[in-house]
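Remarks on the structure that follows.
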Amino acid sequence: MEGLAILFDWLVVIILVVAILSMAIKVIPEYERAVLFRLGRLVDARGPG
144 MEGLAILFDW
154 LVVIILVVAI
164 LSMAIKVIPE
174 YERAVLFRLG
184 RLVDARGPG
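This is the structure we're talking about:
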């Protein structure tokens, strides 16, 4: 029974990590530009490619 609880805990952690990563990555269309921030400071504005 304890092994099942550990398996369930790992499953929840993996699902949370996948959900957070999927929200963190955004693909922008060709005609849009992206503003790049690092540590809260503006680094660059990048276009497609």
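Counting the sequence shown from 1 gives a position; our numbering is that position plus 143. Even for Gly, the Cβ is constructed at its ideal location relative to N, Cα and C.
Suppose you measure from the CA of R189 to the CA of L179; what does that come to, to the nearest Å?
When rounded, the distance between both Cα atoms is 7 angstroms.
Assuming A177 contacts I168 (C-beta within less than 8 angstroms), just tell me the rounded distance between them.
Between I168 and A177 the Cβ distance is about 12 angstroms, and since that is not below 8 angstroms, they are no contact.
Tell me the DSSP bridge mates of A188?
Beta-bridge pairing links A188 to V178.
By alpha-carbon positions, which one of R181, F151 and E175 ends up nearest to P191?
Among R181, F151 and E175, the Cα nearest to that of P191 belongs to E175.
According to DSSP, is I171 helix, strand or coil?
If DSSP states are grouped into helix, strand and coil, I171 belongs with coil.
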